[in-house]
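Protein chains in written order, with our numbering: chain R, 1 to 113; chain X, 1001 to 1113.
Following: one structure in structure tokens, then a few remarks.
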Amino acid sequence: GDSVTQTEGQVALSEEDFLTIHCNYSASGYPTLFWYVQYPGEGPQLLFRASRDKEKGSSRGFEATYDKGTTSFHLRKASVQESDSAVYYCALRITGNTGKLIFGLGTTLQVQP
Amino acid sequence: NSKVIQTPRYLVKGQGQKAKMRCIPEKGHPVVFWYQQNKNNEFKFLINFQNQEVLQQIDMTEKRFSAECPSNSPCSLEIQSSEAGDSALYLCASSLSRHYEQYFGPGTRLTVL
């Protein structure tokens, strides 16, 4: 079935470090890919999405490029801040279905000042 | 910021009791999704609606879970007979269309004792 795999369960960094969170997907159709961020006590917030191969999504300094060849959508940020501490979810939606999202298990990012 | 409203924020029930939670989607969003997020951060799609019509629902929803999105009233998700395994964060999301971004509310945290 369709699925999303996030390699890192937890990432611990210091401020100004470079961030990479790996996301790989398996999909029966042509998916739209998303990154969401969830802060404690809140629902997931959309960071950005990408709908086609080689498209780059970006927001708040975070970015990811849709790579159909490697079935990946890795999240990157050049310089993290303490306020970026949160749980990050990669998700996909199959084009043409009823719209449900399939999420990865999330990556908890902890940034130390 | 999302304007999806979910009530109550916290719900505590005994096993076998009914549990009901409500969601007001963002104004103008005809598509509503319900997801269950467990303590391991796994998301499970439950059901979605376009206006008052069900688009898709999973088997679990068809048995003990019921949901509706009546016209001019909040959407609701009800568990007829709560079980310990139902303890989770129940997230409502709304969207302009099943092909557009989904915006999540803060969730209802259900604890079944």
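Glycine included, every Cβ here is placed at the ideal spot set by N, Cα and C.
Computed from a prediction, not measured in an experiment: that's the story for all the values here.
Using a threshold of 9 Å, state whether the C-beta atoms of residue i and residue j are closer than that.
i: Gln1056 of chain X; j: Ile1047 of chain X; result: yes
i: Tyr25 of chain R; j: Val87 of chain R; result: no
i: Lys1018 of chain X; j: Gln1080 of chain X; result: yes
i: Ser1066 of chain X; j: Glu1083 of chain X; result: no
i: Phe1049 of chain X; j: Val1031 of chain X; result: yes
i: Ser1095 of chain X; j: Phe1033 of chain X; result: yes
i: Gln1052 of chain X; j: Glu1026 of chain X; result: no
i: Gln117 of chain R; j: Phe1104 of chain X; result: The requested residue 117 of chain R is not part of the displayed model; chain R covers only 1 to 113.
i: Glu82 of chain R; j: Val111 of chain R; result: yes
i: Arg1098 of chain X; j: Gly99 of chain R; result: yes
i: Thr41 of chain R; j: Pro1106 of chain X; result: According to the sequence displayed, residue 41 of chain R carries Gly and not Thr. Yes, the pair counts as a contact, with Cβ atoms nearer than the cut-off.
i: Thr95 of chain R; j: Ile21 of chain R; result: no
i: Ser85 of chain R; j: Leu47 of chain R; result: no
i: Gly43 of chain R; j: Ala1088 of chain X; result: no
i: Leu964 of chain X; j: Tyr1035 of chain X; result: Outside the shown range of chain X, which is 1001 to 1113, sits residue 964 of chain X, and nothing can be said about it.
i: Cys1023 of chain X; j: Pro1070 of chain X; result: no
i: Ala78 of chain R; j: Trp35 of chain R; result: no
i: Asp1086 of chain X; j: Val1054 of chain X; result: no
On the DSSP bridge list, what partners appear for residue i?
i: Leu42 of chain R; result: Before going further, note that residue 42 of chain R is Glu rather than Leu in the sequence given. Answer by DSSP bridge pairing: none, since Glu42 of chain R is not bridged.
i: Tyr93 of chain R; result: Note on residue identity: the sequence assigns Arg, not Tyr, to residue 93 of chain R. R:Thr32, per the DSSP bridge assignment.
i: Tyr1090 of chain X; result: X:Gln1036 and X:Thr1108
i: Thr20 of chain R; result: R:Arg76
i: Arg52 of chain R; result: None, per the DSSP bridge assignment.
i: Ser1076 of chain X; result: X:Arg1022 and X:Glu1068
i: Gln1057 of chain X; result: X:Ile1047
Assuming residue i is part of the beta strand (DSSP E), what are its boundary residues?
i: Cys1023 of chain X; result: Ala1019 to Ile1024
i: Gly57 of chain R; result: Lys56 to Ser59
i: Ser1071 of chain X; result: From DSSP, Ser1071 of chain X is part of no beta strand (DSSP E); its letter is neither H nor E.
i: Arg76 of chain R; result: Leu75 to Lys77
i: Thr107 of chain R; result: Thr107 to Gln112
i: Tyr25 of chain R; result: Cys23 to Ser26
i: Val4 of chain R; result: Ser3 to Gln6
i: Thr71 of chain R; result: Unbroken run through Thr71 of chain R: none, as it is neither H nor E.
i: Thr1007 of chain X; result: Ile1005 to Thr1007
i: Leu1113 of chain X; result: Note, Leu1113 of chain X: premise wrong, no beta strand (DSSP E); not H, not E.
i: Thr98 of chain R; result: Element bounds for Thr98 of chain R: n/a, residue is neither H nor E.
i: Leu1011 of chain X; result: Tyr1010 to Lys1013
i: Lys1044 of chain X; result: Phe1043 to Gln1050
i: Ala12 of chain R; result: Gln10 to Ser14
Run the CB neighbour count on residue i, radius 10 Å, all protein chains shown included, and call it buried at 16 or more, exposed below.
i: Asp53 of chain R; result: exposed
i: Pro113 of chain R; result: exposed
i: Leu101 of chain R; result: buried
i: Lys1013 of chain X; result: buried
i: Pro31 of chain R; result: buried
i: Arg114 of chain R; result: Outside the displayed span of chain R (1 to 113) sits residue 114 of chain R, for which this structure offers no information.
i: Gly29 of chain R; result: exposed
i: Thr1108 of chain X; result: buried
i: Lys1003 of chain X; result: exposed
Is any heavy atom in the ligand ATP found nearer than 8 Å to the beta carbon of residue i?
i: Glu1068 of chain X; result: Looking for the ligand ATP in the displayed structure turns up nothing, as the structure carries no ligands at all.
inquiry  = With a threshold of 8 Å, are at least 3 pairs of Cβ atoms found where one atom belongs to the stretch 9 to 17 of chain R and the other to the stretch 56 to 70 of chain R?
reply    = no
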